[in-house]
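Protein chains in written order, with my numbering: chain U, -4 to 448; chain V, -4 to 448. Glycine included, C-beta positions come from ideal geometry on N, C-alpha and C.
Quick look at the structure:
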C-alpha cells in the first residue's frame, strides 16, 4: 500500500496536463513519446506544405477558414507519403490557404518554412509552463510549435477571419503570429498544435523573464519556479524588482502603448481575456560588465547577431514606432536584435523582448465559471479572470503606467543638457550614491549611467 | 362585378412587389409615398454619417459587422435630430464603422458622400426592374439607393466579413460596391435599403442594355420590356444582336475575364448564384454619325465628361488591366468615361459599362426550392438557377467565349499591318460592303471602321 502511494505520488508529480515524464526521463504527451510525435509532425508538415506549394496562389476566400485537409501516413508508405518507423497516423491541416496567406504576409517562403521545421530535429523545451503543453523550437530559433487543447484549436479557427482583418490592417502587432494549425491523429488520439513566432531568441541571455497580466491576485512566482535556472516571474515580482518601471524614450513609449491598446481592442472584441505579456529583459550593462571580467563568457552573455526570417516578428518591428528601426539599431550599437531599447531606473541599459501570449482561451468557453468561482474568494478587481473589457483596460493601464515609463524629452528638460552633464559629473565626483537621482535628473546624457557602473 | 374585376386588374398591373403606383401616378413602397421615404432617408443618412464623422478613425474589428445603430426622428425634432414634416420614424444604420472603412477604401470622403446624397433631391428611377424595388439615383449620378428585402439585408450583413476580405485583396472588382446598409422604420413597417455605385452613367447614351446570366432558358426580354424606351435585353437577345460577340484587345480581354473569374470564385464561395452582369453599350460610331447629322443633339448622344468621386467604380478601373487607364483614355479620344473600349464585328466602336448585380440572393435561403421546381420542367443545364459552382462556371464561360472575343494581337497578324491597311482601303475604294470582312481581317488599323461610316 505504502509503495503504491509513493508511486502514485511520483506519477502525479511528473504529470502536468497530458504531459508525463517517466522514470527514465522520457517525455510523453497523451501517452505518445514526444520524440515520435516530433518526427510525425515533421513528416506531416513536410507533406502539407510541399503539397500546397505547387497549387497556384489565389485570393483567400471566407470559406478557406473552415477547410480541413487530411493525409493518411501508413507505416509502409503510400503513393503520396513516405514510409516511416512509427505507428500509422493521420495528419490534418486546418485552413491551409489562409495560413499560407499569413505566412506570405510575414514574408515566410514555403521552402524556408520547410527548411526550418523539417530539416533538422526540433528542440523540445523542458519548461512546459502551467498548461502542460509540449513546446518545440525550430533549430534556427525562428518557430515555436505548441500543443493546444481541442477547444483552443476550435477557437483559433473561429478567430481566423478577425485575425485576418487585424493582420491586414496591422501586420505590426504584439499578438501571436500563427503560421499553422495542425492535428496529429493516431490510435484514437488527437494531438493538435500551432506554429508560432518565437518571442525570446535563444542566442540572447534573458537576465529576467516575466509573465504579466496587470493583476495582483496570486501573481507571484512560486518558490518552485524561483528555484529554476531561468524562472518566469509575475506581476508582483516585477513591482518588487522594478518599482520605477522600465524607461523608454518618448517615441518608443508611445508606439509601444499604442500597439498594446490596439491589440487589447482586438482581444476585447473577441471577448478574449486572461492573456499575458511575455517580457524578456536582456541587461546590456550587466552583460558587458561580465564580459570585461571573463572574456571567455563573451559568446554566452552578449547578443549574437541572428537573421530573422519572418517580418514584423521582433518586438521592435511589432510596435508602430515612427523611428526607423534601422536607425535605432545603429544608434544603439547594433546590438538590439529586434529588441526594444530601454533603461532601468538605476541606469542599466536594457533590451526588451516581448509579445502577448495565451490568447486562445475564450471568455465564453470556460472563463465564466472560473470568474464566478474566483469572485467568491477575492475582490473582483484584483483577480486575473474578469470581464474582457475590464481585463483589457486593466492590462493596458498596467503597461502604460506601471511597467513602462516615458523618459521626458530633451525639450521638456528643466536644465540645459550641458548643465545636467555637469551636475551628474559633480554628483559622481562627490561619490554621492547618485545613480538613481542623476538618471532621474538627466536620463539623456548617459554619463552617470556609463560612469557609475 | 365587372367594374370590380377591372379595378382589381388595374391595381394588379400597377403593383410589383411592394411598389405600387396609384391613379394619380404617385408611387408608394409598402404604402409609404416614395417622396416621403426619400426625404426621411436623406435625413437619416445625414444624421448617421454626420454622427460618425467626429468619431476618431480606428481599425475595423470583426464585431463591427454585427453592429446596428438606431436613431429616433420624432416629427417635432429632438436634441440630436431636426424637426420634419413626416411621421415619426426610426433610422437604423448597419455596421457603420465597417461601411465607413469601405467608403474610405474607395476614396469617398464623408462630406462628399453627404453632399451627393443629402444636398439635393434624389432622382427616382421609373423602371423598377423585376424585383419591385425602388431605385433612387443621387443628383451627381454617383450613387444608387435600392430597397432590399429583409433576407437580402440579412444576407449582406453575413456577407460583410468575406466582402471585406475580397475588397482588401481586390479593390478592382466588378462586384457591387456597397457603401451603406440602412433601415427606415415607421408605423410597424421596415424599409431596408442599400447604397451602391451607379454602373451606367446617366450622361452617356446607352444604345443597348443587357442583363446577362449565361443561361438560355427564358432569357429573352418580354414584348412588354422591348416596347419600353430603354429596354433591358437578355442573353438570347444578345446572341441575336451580336452573334460574333464584342471584340476587345488582348490585354483588356484578359483583364476582364480574369476579373470575372475571380468575382465568380468569391460568389461561389458564398454559394451565391442567380446574379447577372448588367452591360450597357454606348455605340460611338452611331453617336458620332448622328452628331454629324443633327449637331443640336450633340449633348445628348456623345459622352460628356463627368468626375467620378469613388475609385475603382468604373468598369475600366474595375478590371485588372495592365494597361494604364489614362493611356487608354488618350488613345481612345478621351471619351471613355470609365467605360471599356470595344468593337462590334461590323466595326462599330463601342464603349462598355458593366458590373455584376443582384448578388444578395443566397442559394441556401430560397434558391434550393426554386431549383428543385425548375429542374422538373426544364433541362438542368439551361435553367438560370443551378448549383453555385455550376452557375459560376457557366457564367464565366459565357463571357469568355460568347460575349467577349479577343482581337488577335498584331504579332499574330497573318499580314503585315501596312498590307492590311492597303487591303482595307482597296475594299473601300471598290465600294465593297466590306466593313465586317475588313474589320475581321484587320481590326487594328481602324481605317475601315472610320472610313466606312
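Using the beta-carbon of each residue, which ones in chain V are nearer than 8 Å to residue i?
i: residue 57 of chain U; result: 156, 157, 160, 264 and 265
If the cut is a Cβ gap below 7 Å, which residues of chain V does residue i touch?
i: residue 261 of chain U; result: 56
Along chain U, in chain order, which residues have C-beta atoms closer than 8 Å to that of residue i?
i: residue 164 of chain V; result: 54 and 55
Thinking C-beta only, is residue j closer than 8 Å to residue i?
i: residue 146 of chain V; j: residue 128 of chain V; result: no
i: residue 186 of chain U; j: residue 32 of chain U; result: yes
i: residue 201 of chain U; j: residue 277 of chain U; result: yes
i: residue 174 of chain V; j: residue 160 of chain V; result: no
i: residue 223 of chain U; j: residue 271 of chain U; result: no
i: residue 285 of chain U; j: residue 345 of chain U; result: no
i: residue 353 of chain U; j: residue 230 of chain U; result: no
i: residue 188 of chain U; j: residue 36 of chain U; result: yes
i: residue 162 of chain V; j: residue 94 of chain V; result: no
i: residue 120 of chain U; j: residue 130 of chain U; result: yes
i: residue 171 of chain V; j: residue 314 of chain V; result: no
i: residue 84 of chain V; j: residue 306 of chain V; result: no
i: residue 265 of chain V; j: residue 154 of chain V; result: yes
i: residue 54 of chain V; j: residue 164 of chain U; result: yes
i: residue 309 of chain U; j: residue 275 of chain U; result: no
i: residue 56 of chain V; j: residue 261 of chain U; result: yes
i: residue 263 of chain U; j: residue 383 of chain U; result: yes
i: residue 48 of chain U; j: residue 105 of chain U; result: yes
i: residue 64 of chain U; j: residue 87 of chain U; result: yes
I'd like the list of long-range same chain contacts for residue i, defined as Cβ closer than 6 Å, with 5 residues on each side in sequence excluded.
i: residue 227 of chain V; result: 204 and 206
i: residue 213 of chain V; result: none
i: residue 400 of chain V; result: 240 and 242
i: residue 391 of chain V; result: 255, 256 and 259
i: residue 62 of chain U; result: 90
i: residue 394 of chain U; result: 255
i: residue 135 of chain U; result: 111
i: residue 115 of chain U; result: 134
i: residue 407 of chain V; result: Residue placement at residue 407 of chain V is flagged as unreliable, the pLDDT there being 40, under the threshold of 50; a coordinate-derived value is accordingly withheld.
i: residue 18 of chain V; result: none
i: residue 398 of chain V; result: 240
i: residue 181 of chain U; result: 82 and 84
Residue i: beta carbon under 7 Å from a heavy atom of the ligand MN?
i: residue 274 of chain U; result: Of the ligands one can find in the structure shown there are none, so the ligand MN has no counterpart to examine.
Within the same chain, show all residues whose beta-carbon is closer than 8 Å to that of residue i, passing over the 5 residues directly before and after it, in chain order.
i: residue 74 of chain V; result: none
i: residue 76 of chain V; result: 38, 42, 66, 67, 68 and 69
i: residue 377 of chain V; result: Per-residue confidence for residue 377 of chain V stands at a pLDDT of 45, beneath the threshold of 50, marking its modelled position as unreliable; the derived number appears in the next sentence. The answer, listed in chain order, is 210, 211 and 212.
i: residue 28 of chain V; result: 21 and 22
i: residue 72 of chain U; result: 78 and 79
Take residue i and list the residues in its own chain whose beta-carbon comes closer than 7 Å to its own, dropping the five residues that flank it on each side.
i: residue 98 of chain U; result: 108 and 174
i: residue 184 of chain U; result: 25 and 27
i: residue 118 of chain U; result: 131, 132 and 134
i: residue 449 of chain V; result: The displayed coordinates of chain V run from -4 to 448. Any statement about residue 449 of chain V would go beyond what the structure contains.
i: residue 13 of chain U; result: 24, 25 and 127
**Request:** Output the residue ranges of the beta strand (DSSP E) runs that lie fully inside the region 43 to 131 of chain U and measure 3 residues or longer, sorted by chain position.
**Result:** 63 to 68 and 84 to 89
**Message:** Residues of the region 244 to 259 of chain U in Cβ contact with chain V at a cutoff of 8 Å, in chain order, please.
**Reply:** Cβ contacts with chain V: 257.
**Asked** Residue ranges of each alpha helix (DSSP H) run of no fewer than 4 residues wholly in the region 203 to 246 of chain U, ordered along the chain?
**Response** 218 to 221 and 230 to 236
**Prompt:** Where in the region 7 to 34 of chain U do unbroken runs of the beta strand (DSSP E), each at least 3 residues long, occur, reported from the N-terminal end onward?
**Reply:** 14 to 16 and 22 to 24
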